[in-house]
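Here is the structure we will look at.
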Amino acid sequence: MNSDSKPETRVTIEKRRNGRWAFVIKRGAVVYPATGQFTSQLQAHAAGQAALRALENKR
5 MNSDSKPETR
15 VTIEKRRNGR
25 WAFVIKRGAV
35 VYPATGQFTS
45 QLQAHAAGQA
55 ALRALENKR
């Protein structure tokens with residue numbers, strides 16, 4: 005599978021109602037639900053990137 009046919013993968017950061025931060029991983033049409041209860045946006049972003057790398061290493 006070449007890089008042109010791979011679906012786009014993104015990590016987005018969302019603020020929850022309770023004021024905490026979470027990350028959402030979107031890969032093509034698949035959306036992994038919001039995960040985490042982080043106190044800062046930076047922590048959520050770092051955890052989301054780590055989770056994305058772990059998913060990509062499984063392949």
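Our numbering applies: residue 5 is where the sequence shown begins, and numbers increase by one. For each residue, glycine too, the CB sits at the ideal point set by N, CA and C. Note that this is a predicted model, so its numbers are computed, not measured.
Item to check | Enclosing alpha helix (DSSP H) for Lys30 [first to last residue] | outcome: Lys30 -> not in any alpha helix (DSSP H); beta strand (DSSP E) instead, spanning Trp25 to Arg31.
Checklist entry - Does the distance from the CB of Arg24 to the CB of Phe42 come in under 9 Å? => result yes
Next on the checklist: Between the alpha carbons of Leu46 and Arg14, how many angstroms are there, rounded?
Outcome noted: 16 Å
Item to check | First and last residue of the uninterrupted beta strand (DSSP E) at Arg57 | outcome: Note, Arg57: premise wrong, no beta strand (DSSP E); alpha helix (DSSP H) at Gln45 to Lys62.
Checklist entry - Any idea what DSSP makes of Glu18, helix, strand or coil? => result strand
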